[in-house]
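Engineer:
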Amino acid sequence: MRGWWREIAGLVLPVDCAGCGRPRTELCERCRGLLGGASSVRRVRPTPEPAGLPPVYATGRYSDEVRAVLLAHKERGALGLARPLGTALAAAVRPLGVAGTVLLVPVPSARRAVARRGHDATARMTRAAAVALRRSGTPARAVPLLRQRRAVADQSGLDATGRLANLSGAVEAVGGCAALLAAAQVVLVDDLMTTGTSLSVAARAVAVAGGRVAGAAVVAGPDGPEIHPVGHRRR
0 MRGWWREIAG
10 LVLPVDCAGC
20 GRPRTELCER
30 CRGLLGGASS
40 VRRVRPTPEP
50 AGLPPVYATG
60 RYSDEVRAVL
70 LAHKERGALG
80 LARPLGTALA
90 AAVRPLGVAG
100 TVLLVPVPSA
110 RRAVARRGHD
120 ATARMTRAAA
130 VALRRSGTPA
140 RAVPLLRQRR
150 AVADQSGLDA
160 TGRLANLSGA
170 VEAVGGCAAL
180 LAAAQVVLVD
190 DLMTTGTSLS
200 VAARAVAVAG
210 GRVAGAAVVA
220 GPDGPEIHPV
230 GHRRR
């Protein structure tokens, strides 16, 4: 119900750009461009790189504006941002070159965080990405195949080691998904990659359930030398 009222309010009330604050537009053209597109897709790698991390592609860098857009969608319920964020995610999926049906699987959020926010931001972006892919001719489905099996701590203040300890054994595939996993390849989806721990743990959960992870798509990755353009060989 809360999400419904937010969507209605976004239609009738004046808003400012979620990225830069420009008045009377939910997302200005400049900030929309910072989210990236096909020409800005890059493979991103954290340092150090956790074991089992699949290839990860991002369209944006974690700049002030991109960070503000992601937080506006996730924490402030700016639900209209799901569509441009989903478009960015779709662009990050395409370099993976998955043939056939693509299963877009969101990295699961903690239940208490979803309850506090009133919506599941990652799942919402994932659905928007699937729509964008289908419009361009790629058969894609957004399927929440993963869940957290126990409570985890807030990741924001943890380093890579702490995040791994926090998430180890915390993510599992839902029951009855074996046939679905056998018929398609999985692309994991998240809004942001920092240490890569969440994606590597999610990939392991898919593998344990008998699936194959072709890669992962995120809106933004860490800025700096660990970001490589598509096709660039890391030395």
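Numbering follows numbering that gives the first Met the number 0, in which position 224 of the sequence shown is assigned residue number 223; successive positions increment by one, without gaps. Where is the CB? At the ideal position from N, CA and C, for every residue including glycine. Values in this document were obtained by computation on a predicted structure and should not be read as measured data.
Return the residue from the list Ser-38, Ala-114, Cys-30 and Thr-196 that minimises the CA-CA distance to Ala-89.
Structural biologist: Taking the first residue of the sequence shown as 1, we reach residue 89 at position 90. With distances taken between Cα atoms, Ala-89 lies closest to Ser-38.
Engineer: Can you tell me whether Arg-211 is helix, strand or coil according to DSSP?
Structural biologist: Mapped onto the sequence shown, residue 211 falls at position 212. If DSSP states are grouped into helix, strand and coil, Arg-211 belongs with coil.
Engineer: Less than 8 angstroms between the CB atoms is what I'm expecting for Gly-220 and Ala-57, so what's the real figure, rounded?
Structural biologist: Taking the first residue of the sequence shown as 1, we reach residue 220 at position 221. Taking the first residue of the sequence shown as 1, we reach residue 57 at position 58. Their Cβ separation, rounded to whole angstroms, is 4 angstroms, which keeps Gly-220 and Ala-57 in contact under 8 angstroms.
Engineer: From Ser-108 to Arg-146, what does the alpha carbon distance come to, in whole angstroms?
Structural biologist: In the sequence shown, counting from the first residue as 1, residue 108 sits at position 109. In the sequence shown, counting from the first residue as 1, residue 146 sits at position 147. About 8 angstroms.
Engineer: By a C-beta neighbour count over all protein chains shown, 10 Å radius and 16 as the cutoff for buried, is Arg-60 buried or exposed?
Structural biologist: The residue you call residue 60 lines up with position 61 of the sequence shown. Counting Cβ neighbours within 10 Å, Arg-60 comes out buried, since at least 16 surround it.
Engineer: Taking only the alpha-carbon atoms, compute the straight-line gap between Arg-42 and Leu-70 and give it to the nearest angstrom.
Structural biologist: Within the sequence shown, the letter at position 43 stands for residue 42. Within the sequence shown, the letter at position 71 stands for residue 70. CA-to-CA, the gap between Arg-42 and Leu-70 works out to about 23 angstroms.
Engineer: Take Ser-135 and list the residues in its own chain whose beta-carbon comes closer than 6 angstroms to its own, dropping the five residues that flank it on each side.
Structural biologist: Residue mapping note: residue 135 aligns to position 136 of the sequence shown, counting from 1. Hits under 6 angstroms: none found.
Engineer: Just the Cα atoms here: how many angstroms apart are Gly-214 and Glu-25?
Structural biologist: Along the sequence shown, read from residue 1 onward, the residue named residue 214 stands at position 215. Along the sequence shown, read from residue 1 onward, the residue named residue 25 stands at position 26. Going by the C-alpha atoms only, they are around 31 angstroms apart.
Engineer: Strictly by DSSP, which residues pair up with Tyr-56?
Structural biologist: Here residue 56 corresponds to residue number 57 of the sequence shown, with the count starting at 1. Note: Tyr-56 sits in a beta bridge opposite Arg-42 and Ala-216.
Engineer: Within a Cβ cutoff of 8 angstroms, which residues of the same chain sit near Val-205, ignoring the five residues on either side of it in sequence?
Structural biologist: To locate residue 205, count along the sequence shown from 1; it is residue 206. Excluding positions up to five away in sequence, the list reads Val-104, Leu-144, Leu-145, Ala-172, Leu-180, Val-185, Leu-187, Arg-211 and Val-212.
Engineer: Would you call Glu-28 buried or exposed, if buried means 16 or more other Cβ atoms sit within 10 Å of its Cβ?
Structural biologist: Against the sequence shown, residue 28 aligns to sequence position 29. Glu-28 comes out exposed.
Engineer: Beta carbon of Ala-50, beta carbon of Cys-30: below 9 angstroms?
Structural biologist: Residue 50 sits at position 51 when you count from the first residue of the sequence shown. Residue 30 sits at position 31 when you count from the first residue of the sequence shown. Cβ distance not < 9 angstroms, so Ala-50 and Cys-30 don't count as in contact.
Engineer: Could you please give the first and the last residue of the uninterrupted alpha helix (DSSP H) stretch that includes Gly-28?
Structural biologist: Taking the sequence shown and counting its residues from 1, one reaches residue 28 at position 29. Inspection of the sequence shows that residue 28 is occupied by Glu rather than by Gly. First-last of the alpha helix (DSSP H) with Glu-28: 28-33.
Engineer: Quick one: using the 10 Å Cβ neighbour count with 16 as the cut-off for buried, is Val-217 buried or exposed?
Structural biologist: Position 218 of the sequence shown, counted from the first residue, corresponds to residue 217. Buried, since its Cβ has 16 or more Cβ neighbours within 10 Å.
Engineer: Taking buried to mean at least 16 other C-beta atoms within 10 Å of its own C-beta, is Val-142 buried or exposed?
Structural biologist: By one-based count along the sequence shown, residue 142 stands at place 143. Under this definition Val-142 is a buried residue.
Engineer: DSSP on Asp-15, reduced to helix/strand/coil?
Structural biologist: Against the sequence shown, residue 15 aligns to sequence position 16. In the structure shown, Asp-15 sits in a strand (DSSP, three-state: E or B).
Engineer: At what residue ranges does the stretch 99-147 contain a whole run of the alpha helix (DSSP H), taking only runs of 4 or more?
Structural biologist: 110-116 and 120-134
Engineer: State the start and end residues of the unbroken beta strand (DSSP E) segment that holds Val-170.
Structural biologist: Residue 170 sits at position 171 when you count from the first residue of the sequence shown. It spans 170-172 - the beta strand (DSSP E) in which Val-170 sits, taken as one unbroken run.
Engineer: What do you get for Pro-138, buried or exposed, if any count of 16 or more other CB atoms within 10 angstroms of its CB means buried?
Structural biologist: Along the sequence shown, read from residue 1 onward, the residue named residue 138 stands at position 139. Pro-138 should be labelled exposed.
Engineer: Which one of Leu-132, Val-106, Ala-202 and Leu-191 has the shortest CA to CA distance from Pro-45?
Structural biologist: Here residue 45 corresponds to residue number 46 of the sequence shown, with the count starting at 1. Closest option to Pro-45, Cα to Cα, is Leu-191.
Engineer: Consider the C-beta atom of Pro-221 and the heavy atoms of the ligand FAD; say whether any pair is separated by less than 8 angstroms.
Structural biologist: Absence of the ligand FAD from the depicted structure is noted, as is the absence of any ligand whatsoever, leaving it without description.
Engineer: Would you report the Cα separation of Leu-80 and Ala-120, rounded to the nearest angstrom?
Structural biologist: By one-based count along the sequence shown, residue 80 stands at place 81. By one-based count along the sequence shown, residue 120 stands at place 121. Near 10 angstroms, if we compare the C-alpha coordinates of Ala-120 and Leu-80.
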